[in-house]
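Read top to bottom, the protein sequences are chains A and B. First residue of the first sequence: 490, per my numbering; consecutive thereafter. First residue of the second sequence: 490, per my numbering; consecutive thereafter. Worksheet: the structure to be examined is printed underneath.
There are 2 protein chains.
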Amino acid sequence: MRRSEIRDHLLETALRLFNQHGYHATGIDLIIAEAGVAKTTLYRHFETKEDLILAALERRDEEDRNAMRAFVEQHASDPAKRLLTTFDFLEASVRDKQFRGCMFVSAAGEHKDTVNPVFRAAVMHKRLTIAYFEELAHAARFAEPKRIANEINLLHEGAMAVAQMTRIAEPVQQAKRMAGHLLAAEERSPSARGGDAGQRTQAS
Amino acid sequence: MRRSEIRDHLLETALRLFNQHGYHATGIDLIIAEAGVAKTTLYRHFETKEDLILAALERRDEEDRNAMRAFVEQHASDPAKRLLTTFDFLEASVRDKQFRGCMFVSAAGEHKDTVNPVFRAAVMHKRLTIAYFEELAHAARFAEPKRIANEINLLHEGAMAVAQMTRIAEPVQQAKRMAGHLLAAEERSPSARGGDAGQRTQAS
DNA sequence: GCCAAACGATACAGATCGGTATACTTCTTC
DNA sequence: GAAGAAGTATACCGATCTGTATCGTTTGGC
């Protein structure tokens, strides 16, 4: 393993274990054992465990948001449909055997102080995710893109929380249907009524 | 303090600390120090820390659901409106200075194994909460009370998750508005169109 | 009022925690 | 190929973890 890869390998191992067991329950000794690395090496790359957690969350944040962008852009072209396609991406994440709930919600749940850097990193991820939703809502010419983005985000959070408990993907599909109904009733700028299914009757 | 009160006092103290710092981060030594009790006493009432967590969650489960029932029955009489009133109860919980997210979601987040008793206790709480929503949805004569209950629950979970990060109550109000729009479009048994605002135009 | 149970206080056990120190080896780079 | 950075392995540090043992004191029920 090349030296520059060790840091990446450590981050991947740490992310996997944090996801499996949580942050407090995952000790440094377990991380280095699973990564096959000496403790000295870990502490050469990360000053403290908290630094490792922060680096892992930053990595996961970028990965997640990039993956969602790529998925959505590939599976839908109409901006309004893209908002709904975010749920398809979420469904794929939830269907993963390794899914155990949102790592950022869990991070905030284990570091509840609002000034804690881990808590703040979790909040930042959610802010950036909402910003993407708003970008899509704006492109879809919804009258209130900020509110739409917050509603989509709330449905995402709800679906993930329910799926964390039930370990099934159905809540995500339900959230998508709910989002579809809500968006269909929203006002949009006239030039947005392009080729997509704008009006929807009460018959589903 | 009478002997029978010690157990209650321990549970209340543990619940407060679990809510403040999380489950792993709250040590037995802190709990007994805050409760002003000897370690021997705690272990006479609870065999292990996990037993303490389970007893605390059971207590919280009953308290929460009883409080929600009482609040809803007091603030609304129409069953359909009662479904929306559950969000008012949630808003009051979130506005509490001590709110740091749903304790059951956090419990499941720190004990992710589905066979873990703590995880199962969290799941049980959610199941019972959904059962109450279904009871209300049935009384309101919605065509699909199970689906309605799951949708209301998903909005509750989403609102709590967002509020856990933002520490504001606005997401709960937003979830209530979303629930109102969704319920207004739902089919209901004819005899349910009593004195409530059954049909709602697209103008909010 | 007696007795047993429960309490408080403290010390301790054994494990694990995050993090450091040391000494030796391997790799990269000039 | 020499030098220095980065790796491994291991021992160790002090703190903290859950849980137990000991012992004297308090208390409630008969």
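Where is the CB? At the ideal position from N, CA and C, for every residue including glycine.
- Annotated three-state conformation of residue 631 of chain B is strand, per DSSP.
- Spanning the alpha carbons of residue 623 of chain B and residue 568 of chain B requires a straight line of approximately 11 Å.
- Taking the Cβ atoms as the reference, residue 651 of chain A lies roughly 6 Å from residue 646 of chain B, within the contact range of under 8 Å.
- Pairwise C-beta distances place the region 553-562 of chain A in contact with the region 610-621 of chain A, as three or more of them are shorter than 8 Å.
- The residue among B/536, B/656 and B/582 with its C-alpha nearest the C-alpha of residue 560 of chain B is B/582.
- Under the rule that a run must span 3 or more residues, no beta strand (DSSP E) segment is found entirely inside the region 636-679 of chain B.
- Residues are counted here when their Cβ sits less than 7 Å from a Cβ of chain A; for the region 666-677 of chain B these are 667, 670, 671 and 674, given in chain order.
- If you draw a straight line from the Cα of residue 516 of chain B to the Cα of residue 524 of chain A, it comes to about 29 Å.
- Of the residues assessed, residue 607 of chain A falls on the buried side of the cut-off, its CB having 16 or more other CB atoms within 10 angstroms.
- Shown in chain order are the members of the region 600-616 of chain A whose Cβ falls below 7 Å from a Cβ of chain B: 601, 603, 611, 612 and 615.
- CA-to-CA, the gap between residue 600 of chain A and residue 625 of chain B works out to about 35 Å.
- Nearest CB-CB separation between residue 660 of chain A and chain B: below the 8 Å threshold.
- For the region 571-586 of chain B, there are no residues whose beta carbon sits under 8 Å from a beta carbon of chain A.
- DSSP places residue 588 of chain A outside both helix and strand once states are collapsed to three, so it counts as coil.
- A Cβ-Cβ distance of about 35 Å is found for the pair residue 512 of chain A and residue 565 of chain A, leaving them out of contact under the 8 Å criterion.
- In this structure residue 672 of chain A touches residue 572 of chain A by the C-beta definition: roughly 7 Å separates them, less than 8 Å.
- Between residue 584 of chain B and the set B/507, B/493, B/630 and B/656, the nearest pair of CA atoms involves B/656.
- In this structure, the alpha-carbon of residue 653 of chain B lies about 6 Å from that of residue 589 of chain B.
- If the five residues before and after residue 508 of chain B are omitted, its C-beta is found closer than 7 Å to the C-beta atoms of 587, 589 and 592, all from its own chain and listed in chain order.
- Exposure of residue 518 of chain A is indicated by the presence of fewer than 16 other C-beta atoms within 10 angstroms of its C-beta.
- For residue 598 of chain B, the three-state secondary structure derived from DSSP is helix.
- Residues of chain A with a Cβ closer than 7 Å to the Cβ of residue 566 of chain B do not exist; the shortest Cβ-Cβ separation is about 27 Å.
- Residue 604 of chain A carries a coil assignment under DSSP once its states are collapsed to helix, strand and coil.
- Under a criterion of Cβ atoms nearer than 7 Å, no residue of chain A is adjacent to residue 505 of chain B; the nearest Cβ is some 13 Å distant.
- Between residue 677 of chain B and residue 630 of chain B, the C-beta gap is smaller than 8 Å, which places the two residues in contact.
- One Cα belongs to residue 648 of chain A, the other to residue 619 of chain B, and the distance between them is close to 14 Å.
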